[in-house]
Structures are given as structure tokens and as C-alpha cells.
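Here the sequence shown is numbered in our numbering, starting from 43 and rising by one per residue.
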Amino acid sequence: MHRYDVERYLNVRGAGGATLGPDGRLSFLLDATGTSQVWSVDRPLAWPEQHTFFEERVTFVDASPERAEAVFGMDEGGNERAQLYRLDFETGAITDLTERPEAKHRWGGWAGDGERFAFASNRREEATFDVYVQGREETGDDAELVHAGDGWLSVAGWSPDDDRLIVHEAHSSYDHDLYTLEVGSGELTHHTPHDGDVRYGSPEWGPDGEALYLVTDRRSDTLRLERLELATGEFAVVVDGGGDGWNVDGVAIHEESRRVVYSRNVDGYTEITVGELVAPDRVDEFPAPDLPRGVAGGVSFGPDGDRFAITATGSTDNANVHVVETTTGETERWTNASTAGIPRDTFVEPELVHYPTFDGREIPAFLSTPESETPESGYPVVVDVHGGPESQRRPSFGAVKQYLLNGGYAVLEPNVRGSSGYGRAYAALDDVEKRMDSVADLRAGVEWLHDHPEVDPDRVVAMGGSYGGFMVLAALTEYPELWAAGVDVVGIANFVTFLENTGDWRRELREAEYGSLEEDREFLESISPINNVEAIESPLFVLHGANDPRVPVSEAERIVEEARERDVPVRKLIFDDEGHGFSKLENRIEAYRTIVEFLEEHV
43 MHRYDVERYL NVRGAGGATL GPDGRLSFLL DATGTSQVWS VDRPLAWPEQ
93 HTFFEERVTF VDASPERAEA VFGMDEGGNE RAQLYRLDFE TGAITDLTER
143 PEAKHRWGGW AGDGERFAFA SNRREEATFD VYVQGREETG DDAELVHAGD
193 GWLSVAGWSP DDDRLIVHEA HSSYDHDLYT LEVGSGELTH HTPHDGDVRY
243 GSPEWGPDGE ALYLVTDRRS DTLRLERLEL ATGEFAVVVD GGGDGWNVDG
293 VAIHEESRRV VYSRNVDGYT EITVGELVAP DRVDEFPAPD LPRGVAGGVS
343 FGPDGDRFAI TATGSTDNAN VHVVETTTGE TERWTNASTA GIPRDTFVEP
393 ELVHYPTFDG REIPAFLSTP ESETPESGYP VVVDVHGGPE SQRRPSFGAV
443 KQYLLNGGYA VLEPNVRGSS GYGRAYAALD DVEKRMDSVA DLRAGVEWLH
493 DHPEVDPDRV VAMGGSYGGF MVLAALTEYP ELWAAGVDVV GIANFVTFLE
543 NTGDWRRELR EAEYGSLEED REFLESISPI NNVEAIESPL FVLHGANDPR
593 VPVSEAERIV EEARERDVPV RKLIFDDEGH GFSKLENRIE AYRTIVEFLE
643 EHV
């Protein structure tokens, strides 16, 4: 089998985040230049036209419903303070709409006539988000403050008659509220009063503007598609998660045609259903689209609802945009993101496994092994832990994973307790005082690997980013005998200093998950890996971005300093022009080349 270096794999491209404009143009994000930029095509697999040429990543693009223009977002150096820009497709002109680089801007969508748009921003106070409406040709302070918020607000779309907005408020990852806002008067109406934690996500206006469709777990462990009648506050279940209780994790509705696309998350794999609202709480189904088996989402309907764009990826399929004929399910791939010359048939499909953990539960995970002759001692294994923690490792394409497999490493991707996708109760199993139970799930995974005939138990690596970086550090300090090495990317080393120094707009949300500084400080100190560094027995590599607004770079600096004082073999790599992760190709190449060198030296 031919071996490719890591740079080759990191040059595998991905296309996604697509939007269908009124002229039939498909605009999307593609990272062909090393960072995601706006590109477009007007027919399937046509040579794409590039429209933005920045060194920084573009984070989204949304086409106007009426004109050959779009709004896109971009931050600077990974600082997540996104600004909004208007792109004129005909002239190529780009206008800075927000002109407030010190503030975050969260896109809320175009009005139906394309004359205005809405967004949420923390311009007024860093820790809170307000709702603004702005004309398409206005800039900066021309934006009208239509609601002054006091929490984590976002805007989820305009009503069919453009007089109201859906406003979503997140109290934590698993506790939300929904409101409607009268744009003219500023009157805000609360529609989801509740006790305890309830999710209300993916809200969409119903065709008549009298109801919202959303996914919620208000009376279920998993998310269901429900209809909320605004006048009465009554809910009706439209679609549940199926007989096995999987989440309905998203919905898109074309108001004029009443056509609907919703998705289920079935053990990590996306199942797409397309249909039409033939009654307020009933969907008649159309034939399903033929998409790669894996993960799909980001639905954008065409103007008439007769077709929609969707991004799909699988473990052996890099991300591309497909266009689906709504009523027939006929599916055609419109983008052709390169695999950098690596044959697609060399990519490896994982096995979905479940391993037992300390309390008798079964932990879902994806195990991938190289398609080569197993070494006599077995394969070294990278245990790759996702972030979040309210996230989920799903079967999408991973360039680094495919490189590791090509290079003779097996990869285990566990969804330890606290992961999303398996119900509210499972996600809560690691909350606050139960935090270290999720680390024990990693230990159980390694012990399960020890019994696998293709695995070398003496060459197991912990690797993860963000919260996954904390999991790496915690695994190395709690169970040092299990690991040959650890790779921590933008990880949390000390929960107290992390919460003290994270962005003001995030602190309350994170305290709801990890515990509060006021009430849980002693516990947070006790589980912070930085206070147990002396237990580490294996080499550690720490990587971070200097502009990280989520996990400050000081977390990396401190864990490296403490490790060196205790003679732990530790390596550090900081990128001055990155934030919470590495968005620029040259930085990704440097980061993962250095990781590969580290693994070759120590594993």
C-alpha cells in the first residue's frame, strides 16, 4: 500500500455550508486555498468560481432571496469576533456591514424581500447578546437595536410576513428558551416557560406564521420534532426519534411549498427524511435522497422549494454539496472537492463498536484499523477524544485519521458519557461532580483494546482537542500506566483559571456544565490535571492558538511549565495567528507534521 505524508492528507478539500440563490447559483465554502472561502457554481460539477480571497477563514455564506448577493462572516486570527460582509456576485464588491471588530456578530438571516437582515451581537456588553436589524446597504452604527438582551441570544429567522423574528436563548447546552420578537414594536413574547432543563433547537417558522416547528426533549429523553402553536402555547409531536429513541436533530421548512427536510441521528449516522406538511402535525414522505453514508446537514431550499442543497460526508467521503430534487429524491453532487490525488478506495471505514465500562454501561465508539498486514506486536492505537463535552464523534471524513491509518496506526474514537446523540440522561452522566466518570470510560476503552488481537497494548496514545484536550491531560494524570504518549490540542488544564479567563459571553454556559466558581471551586481544583502533573509518566505534546477566546492560551503555558518543573517530557507549539483550533493550512501542516514526529519518536 502506498504511503502518503500528512501534508498530502491535509490537502484533501471539503466543500459545504451551501446556499441556493434566486438565480440558481449554488454558493458554498471551499478550503482549496488553505482556508474556507466563498465559491460558487451554476451547474453540477462545473469549474467553481472563487469570490473571496482572504487569509482568514470565512465562517458562513447566505445568499439573498432576491438579488445576486450574499452575506458572509469572517473573524480575525481565530478570535471568533465575526464581522458580517455583503458580497455582490456581479461586481465582486465586498462591503463591511458591521465595522465593529471588537464585537461578535451572529447571523440571523435575510428578510424575505432581501432588503434587511437580522443578527445578534454583544456590542453593548461583552457578556450579553442583543438583537439588531439592518438594511442591506447600511453599515456599522446604522444597525437598529430592536431588543436589548440579558443572555446568550441568537436569531433563528424571519416570519413569513417579515414582521417577527424567532429569538433563541441558551442557558446551557441542554437548557433553552424560544421567543418571538415584533420587529416594529420590540415586543418580546416568551413561548417556552419550563422547569428544569429542556432543549428547544432548530426552530423554523410554520408556513402560515402561526406556529414554530422545532426539536425538543421537553417530554422525552431524546429530541423529537414538534409543532408549537404560538397563540395557545400547545405542542404537538410531529416525528419522534423512531423505535430506538434516536434524536431528531434538525429540521428545515420551505414555507411557501410546505416542504420539509428533517434528520435523525442514528448511532452517529444521519438519516434524512423529505416530505410535505399535509396537516399541521403530519408529514407525507417523498423518496429519500441517495447520499453517502455518514453525516449530512445544512439544508438550503431553492426559491420554489423544488430542490434543496445539502452537505454530506462519510468516513471515506470528503465533504461535498449535493442538490436533491425534493419530490423525487433524485440526487446529484454539485461540488468536486479534491482528495489531493489520494485514491478514495484507500480510505478506511470504521467499525461501530460498544465496549463495557465500570458501571455496566456500554460506551459507543468507532474503531478503525489499517488495511495492511497486522504487525506481530499489533498496531499502535490513537484514542482520539472529541471536544464539547456535549459533542459526538460521528462518521465524517477525517484527514488526520486517514493519515494515521495509512501510517499503520489504529484509531479508537469513543463517545464517552456526556456525549450528545444518545439522550439527555446519557449527556448528564458527567455533569459537575461526575466529571471524572467520563475519564474512567477512557480507561475502560483502553482495557477493552488490550483484549483486541490487532492492538499493541504498550503503544496507546491519548489525543484530543478542547474538552478532549482536558480528557487527555486527565487520562494521563489519573491512569498514567495506560499511555505511551499524550497530545493535548487547545485543552483545559485548570477548570478554575479556564472559567476565570474564558470569554465573558461563555462563562455562564460553561459553569452550567462544569460547575460554578462560587460553589464548586474546591472540586474543580481537585479534578484539574495541572494539580496532578507529577503523576504523568509518558511524553506530552501541547498545542494551542494564541488568540483562543474559549480556552485561553495560558492553559497551555501553565501545564507546560508545571510539567517541565516535574521533569515530564513535554513539547509545546503555539500559533500566534490561530484561536480555538487551527484554521490555516500552513499551520495545520506544521501542527500535524510535528505531532507525527512526536509520535514517531515516542510511540
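Even for Gly, the Cβ is constructed at its ideal location relative to N, Cα and C.
| Asked | Found |
| --- | --- |
| By the three-class DSSP mapping on this structure, what secondary structure does residue 511 have? | helix |
| Residue 214 lies in the beta strand (DSSP E); which residues open and close that run? | 206 to 214 |
| Just tell me which of 552, 126 and 88 has its CA closest to the CA of residue 99. | 126 |
| Going by the beta-carbon positions, is the gap between residue 52 and residue 627 smaller than 8 Å? | yes |
| Here's a check: name, in chain order, each residue in its chain whose Cβ is nearer than 7 Å to the Cβ of residue 481, leaving out the five neighbours to either side. | 513, 516, 517 and 520 |
| Taking 8 Å as the cut-off, decide whether the C-beta atoms of residue 42 and residue 423 are in contact. | This structure does not reach residue 42, given that the chain is present from 43 up to 645, and the question cannot be answered. |
| Can you list, in chain order, the residues of its chain whose CB lies under 7 Å from that of residue 472, leaving out five sequence neighbours each side? | 431, 459, 460, 479 and 480 |
| Within this structure, are the beta carbons of residue 187 and residue 209 separated by less than 8 Å? | no |
| Of the choices 281, 140, 114 and 255, whose alpha-carbon is the least far from that of residue 271? | 255 |
| What do you reckon, are the CB atoms on residue 359 and residue 336 nearer than 8 Å? | yes |
| Find the nearest neighbour of residue 148 within the set 154, 155 and 159, judged by alpha-carbon distance. | 159 |
| Going residue by residue through the region 274 to 320, where are the continuous alpha helix (DSSP H) segments of at least 4 residues, counting only ones entirely within it? | none |
| Compute the distance between the beta-carbons of residue 486 and residue 406, then report whether it is under 8 Å. | no |
| By DSSP, does residue 175 sit in helix, in strand, or in coil? | strand |
| Hey, residue 367 and residue 348 are a contact pair by Cβ (cut 8 Å); roughly how many whole angstroms apart? | 7 Å |
| Do you know how far the Cα of residue 304 is from the Cα of residue 70? | 21 Å |
| If I measure Cβ to Cβ from residue 534 and keep anything under 7 Å in the same chain, skipping five residues before and after, which residues do I get? | 509, 511, 512, 540, 593 and 597 |
| Curious, which full-length beta strand (DSSP E) runs of at least 3 residues does the region 108 to 145 contain? | 111 to 116, 125 to 130 and 136 to 138 |
| By Cβ distance, which residues of its chain are closer than 8 Å to residue 45, with the 5 residues on each side in sequence left out? | 448 and 449 |
| Quick test of your reading: residue 162 and residue 155, contact by CB under 8 Å. State the CB separation rounded to the nearest angstrom. | Not confirmed; about 21 Å, so no contact. |
| Could you pull out every unbroken alpha helix (DSSP H) segment of at least 4 residues lying fully inside the region 419 to 493, listed in chain order? | 441 to 448, 466 to 469 and 477 to 492 |
| Please go through the same chain and pick out, in chain order, the residues whose beta-carbon is closer than 7 Å to the beta-carbon of residue 192, but skip the five residues on each side of it. | 170 |
| Where residue 636 and residue 630 are concerned, what is the direct C-alpha to C-alpha distance, given to the nearest angstrom? | 10 Å |
| DSSP has residue 634 in a bridge; who is on the other side? | None, per the DSSP bridge assignment. |
| Mind checking who residue 245 pairs with in its DSSP beta bridge? | Paired residues: none, contrary to the question. |
| Using DSSP's beta-bridge definition, name the partner residues of residue 616. | 586 |
| Counting pairs of Cβ atoms below 8 Å between the region 289 to 304 and the region 242 to 254, do you hit three or more? | yes |
| For residue 414, does the three-state DSSP call read helix, strand or coil? | coil |
| Suppose contacts are defined by Cβ-Cβ distances below 8 Å. Is residue 259 in contact with residue 466 by that definition? | yes |
| Using the DSSP secondary-structure output, state which residues sit across from residue 69 in a beta bridge. | 61 and 82 |
| So, for residue 63: in the same chain, excluding its five sequence neighbours on each side, which residues have a beta-carbon less than 6 Å away from its beta-carbon? | 105 |
| For residue 46, name the three-state secondary structure that DSSP assigns. | coil |
| Flag this pair as touching only if the region 545 to 561 and the region 572 to 579 have three or more C-beta atom pairs under 8 Å; answer yes or no. | no |
| Return helix, strand or coil for residue 328, following the three-state DSSP convention. | coil |
| Check each candidate in 583, 93, 91 and 328 and name the one with the smallest Cα separation from residue 505. | 583 |
| I'd like the span of the alpha helix (DSSP H) that includes residue 563, first residue to last. | 559 to 569 |
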